[in-house]
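To convert, note that position 697 of the sequence shown is 864 in the numbering used here; the numbers rise steadily by one, no gaps.
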Amino acid sequence: MNHLIMFNTRFYRKPLLLCSLFLLAFFCRAVAQELEGGSRFVHGFARVQQGSDYYYIDSTGKRAFDRILDRDGHAFDVVPVAGNDGIIPGADTAEGHLPEYFKLVSLDKKQGVLLLSGKWMLRPEYDSIATEYREAWRVTKGGKSTLYKATGFALPFLFDAVNELDGNCFLVQQDDKWGIYDKRAAKLTTPCVYEDMDYCFGCESKGDYAFAQKNGKWGVISFRNDILLPFEYDHQHANMRSDEWVQCLSRDNKPLLINLRTKAVTEDTCGCLDREDDSAPLLADGFRTVRQGKLYGMVNADGQKVLPTQYESIRYDGIALPRPLVEISQQGKSGIADTSGHMIIQPLYDDYFMMISDTLLVAVRENKCYLFNTKGQPVLQGAYDDIRPWRPMDSDTTTAFLKLVRGELMGFYNLHTRKLVAPQYSYIYDTDTSRKYYLMAEKNGRQGVIDTNGTVIIPPRFDDVQFLANGYPNQAQVAINYKYGIYDYVKNVLVIPARYNNITPVAHHELYFVQRDNDKAEGLLDLEGKVAYPVLSRQRLDQADTLANYFVISRRDSLSEKLRYTVFNSRTHERYALPYDTVVPGGYKDRVGVHVGKRQYALFDLATRKTVEGAYTQDGLPQLVYPYQDKAMIMKNDKIGIIDTAGNFKIPPVYDMLYPVMENTYLFVQRDANGAAHYGYGDSTTKLFVPMEYDFLPGDREDYLRDSLLLLVKRGPDGTVLKGFAGLDGKTVIPAKYESIRATENKQYFLVKAGEQSGIIRRNGEVVLPVEFEEVLLDDNTLYFGEAAFSFPVMAKKNGTWAYYDTEGKALPLRMKATIDYMPVEEPVVVPVEAGH
């Protein structure tokens, strides 16, 4: 019996244990954590508070970090302004740099970095992160240090300190000793045996050697630990270089100049070596200055003198001037030599030289500008008051021209064709982008056009010149005293005199519509300026169809005030009168509406010169015909319908109102016996895909199509306007029972409100939050009207308690009594800046 009891106990023990654990987990999960306050989510994180303590949670409700260690002053909810491309400058890695804007955060005394987007760049698992430089951050973990760059960690956490040399080699410290680590080789190429090491970290050209200290004395070693200078010098981090010259070592307190190539050592017994506080800059390619008193000379990398010691300054960097040009200054005047010592331009000029396209030099003397090539030869004869680079819009190169100024006049020099246009214009500027080889030129207050070689295209005789569209390639509109004409710049003639108040090219017709304000005179002229249709007073022209041939011209009789209509064929120039007192053009394939009798209209074919008979004329003519696009809207027996070009019904006239909402989608309105207007949506076959059971409210028809959804409106029993939406397929997405519907910016969610209750519905109609919440917390930048700005998890209040809800409507296991700000009102945490080596 005992054995049997023991067997049964063992048999049931495991299921009982699993059941107990399941119930325990269920009750633990069901109990939500009670908190005093919570903020809205900002880029995936929210702040929650309990008593005096707070922390930040992620979108699952888990604790993400404790504090924002803010040094840059940019809170997550105060994002720098984005550019026109929508990109926030400095908000992400770019061009080898780390972000300028980010959040340094801490969790349990560990630090991490969040981007403004809310994505982790470094999770909070590091002892410290020094972020003062965008090129690299110094990161420590477990007492070891490395650098973090835009490409990731430079080295593993192996060393006590790390400093970058040239991108591949690094100064590293281990057990208080320094060496060099090769990243590609993944090993120490110089063992950590030196007391200290130094390098010209700020030099633009990176050297392949470092300074090292051994037994208290300094020497120079290669990255492979080859000894380039013995350990017998003193050193200070000043006058650092990265070329053949070493100028930061001394012996017996006397500065030395050492050439690494020749090993020649020069002792500065006279104080002639240029120091960091001197005006002489570092030179490129191993060249350096030598000084005697306040004058400088230049020696090459082998120590040979190439320029005598007689200049006040010498500049050779390959940047301001291209190699091998050297800028020199003597007795306050500037000149140019080269690295062989040859004099290119004598030092006679007042200012620094301006380099243009690496081939030309602008020099200034006594406020006059001169142009030389890099051989010192004059390019332009004579002097100018100003010479400046100029790149007209859409020109083919960076600097295509030089603008030349002499007195009040302007000209230019074409660098490609080497054509000189002497200063003769008061102003020269770009035309529009379609005429990139033409320039606008002003002379004596009048405008004209020249080409990029200075040839006159349109003489400067006009107040204004405007090029026309591509259909009129050789003509421009010109103006004199606010009157307009047309100038043909191939024939060099004013084909239409400047006498009109308005001239407009008529697309596809090679005609100009012209207008004079006196008595509203309008007419048509061709490209030669010949009269296609005379300009007459009290006359108006309308195109029947911009893509077809006909114009409908209406002219009001000066005595009777009656309108008389004429049809004009723009191709054949034929014309004929229309015997109707009202004509309704509408861009309808050479069809217009005509008034044929009292409250009677017909569709008229301008080509056949006959009214169109069809289904719409049976049982009497319509009260109105209004052509549009390839259809015409008609009213018959006070009902609205639509016909085609043959007069057949596309939609029969049985509706009180009819709105084309979009292509092949219409809003149909009918009134009931009580005069109440109801509407639905259907296609051109009048098949309704949204039943006619909604209450029509007059307004802009654009209101009925919102973000590819069809508006549904019903009046409640108390007259309240209730709204909803249907999809373009007619399926109800949001039933019409809400007083307010506000879409999010991405139009994927809608905040709906009925009475005092709010909820959230997805675009496809799925309910995220039922309409039973007292409040939904919106972003601070949300206006009372317009779009509703919120992000998930969204904070909503029900029965006086706030909670977070995800996109599925599930609540996070947190409950809050009140809302708080995302950023606490307190002094920011000061993060000490870690000093570099």
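Heads up, the beta-carbon is just placed ideally off N, CA and C, and yes, glycines get one too.
Give a yes or no on whether 8 Å exceeds the smallest Cβ distance from residue i to chain B.
| i | result |
| --- | --- |
| M364 | Among the protein chains of the structure shown there is no chain B, as only one such chain exists. |
On the three-state DSSP scale, how would you describe residue i?
| i | result |
| --- | --- |
| G253 | Because G253 sits at a pLDDT of 44, beneath the cut-off of 50, its placement in the model cannot be relied upon, and the point is left open. |
| A910 | strand |
| A769 | strand |
| A405 | coil |
| Y783 | helix |
| Y667 | strand |
| K687 | helix |
| Y989 | coil |
| D797 | coil |
| Y747 | coil |
| D333 | coil |
| D823 | coil |
| D505 | strand |
| D419 | coil |
Would you kindly work out how many angstroms separate the C-alpha atoms of residue i and residue j, rounded to a whole number?
| i | j | result |
| --- | --- | --- |
| V1073 | H740 | Look at the range of the chain in this structure, 168 to 1004, and you will see that residue 1073 is not part of it. |
| V272 | Q341 | 29 Å |
| Y519 | G334 | 35 Å |
| G615 | M510 | 45 Å |
| H210 | D946 | 12 Å |
| R930 | Y916 | 5 Å |
| E830 | D805 | 25 Å |
| M990 | V280 | 17 Å |
| S219 | P980 | 21 Å |
| D874 | E780 | 40 Å |
| H264 | V645 | 52 Å |
| P627 | L488 | 40 Å |
| A231 | I224 | 5 Å |
| Y293 | Q278 | 5 Å |
| K898 | D757 | 39 Å |
| C367 | A405 | 9 Å |
| C362 | L338 | The amino acid occupying residue 362 in the given sequence is Glu; Cys does not appear at that position. Taking the straight line from one Cα to the other gives about 12 Å. |
| R966 | Y793 | In the sequence as presented, Arg is not what sits at residue 966; that position holds Asn. Computed Cα separation, rounded: 57 Å. |
| L202 | A844 | 52 Å |
| K542 | D618 | 30 Å |
| D709 | P266 | 59 Å |
| N815 | T784 | 9 Å |
| Y592 | R532 | 24 Å |
Starting from residue i, follow the beta strand (DSSP E) in both directions and report where the run begins and ends.
| i | result |
| --- | --- |
| H845 | A844 to G849 |
| F539 | K535 to N540 |
| M364 | D363 to D365 |
| R738 | Run containing R738: none; DSSP gives neither H nor E here. |
| H762 | R758 to G764 |
| K920 | Y916 to A921 |
| L274 | K270 to L274 |
| F337 | C336 to Q341 |
| A643 | Q642 to I647 |
| V657 | Per DSSP, V657 belongs to no beta strand (DSSP E) and is neither H nor E. |
| V616 | R613 to D618 |
| D709 | Q706 to Q710 |
What residue from the options has the CA that sits closest to residue i's CA?
| i | options | result |
| --- | --- | --- |
| F568 | L576, M577, R558 and H509 | R558 |
| D973 | L635, E923, E941 and V934 | V934 |
| P140 | D517, G764, V632 and L773 | Lying outside 168 to 1004, the shown extent of the chain, residue 140 is not represented and no answer is given. |
| L876 | L462, H845, L864 and R909 | R909 |
| P358 | C336, N406, D401 and L314 | C336 |
| G346 | Q924, D631, R391 and Q414 | R391 |
| L395 | K373, I495, R408 and N426 | N426 |
| A420 | H402, W412, T318 and G967 | Here the sequence assigns Asn to residue 420, which means Ala is not the residue at that position. Of H402, W412, T318 and G967, the residue nearest in Cα terms is H402. |
| V938 | E906, Q414 and F959 | E906 |
Given a cut-off of 8 Å, decide if residue j and residue i are closer than it, judged by their beta-carbon atoms.
| i | j | result |
| --- | --- | --- |
| A921 | K904 | yes |
| A956 | A963 | no |
| Y594 | L571 | no |
| M364 | A353 | no |
| Y717 | Y732 | no |
| Y651 | N641 | no |
| R742 | V750 | no |
| T584 | N620 | yes |
| S409 | K461 | no |
| I807 | A799 | no |
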